[in-house]
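Everything below concerns the one structure shown next.
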Amino acid sequence: MGLFGLFKRNDINEGVEQYKNTNAAVLLDVRTREEYSEGHIEKSINLPLQEIKNAPKVIKKKDTPLFVYCHSGARSANAVNHLKHMGYTNVTNIGGIIHYQGNIVTD
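In terms of our numbering, the sequence shown opens at residue -9 and continues consecutively.
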């Protein structure tokens, strides 16, 4: 990765497409429950960053493909690091929902 690669933002739109094309994948929203209820990507699971230690209760298999997003991409980057330290092996930060161009659903 060159110097400019350090500043490349994850493209949530590409990430969601990759999620849709990955067998048995989970789309994980790590925003607060309130943020999630105000609008989220369809079929995503809400596991707030503050509760990431509970991931094994929600995602049993450590090799499950996880596509993680938040509001801007910062919390999802943090969540990805935590998940990897917990032994999850297939985790991708896809960035922030603020850049998502698809449909948003509410509870």
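Glycine included, C-beta positions come from ideal geometry on N, C-alpha and C.
Out of curiosity, what's the CA-to-CA distance linking alanine 45 and histidine 89? So the alpha carbons of these two residues sit roughly 25 Å apart.
Going residue by residue through the stretch -7 to 31, where are the continuous alpha helix (DSSP H) segments of at least 4 residues, counting only ones entirely within it? 2 to 10 and 23 to 28
Glycine 5, buried or exposed, once every other Cβ within 10 Å from all chains shown has been counted against 16: Buried.
Beta strand (DSSP E) containing asparagine 83: first to last residue? 81 to 86
Thinking C-beta only, is alanine 67 closer than 7 Å to asparagine 80? no
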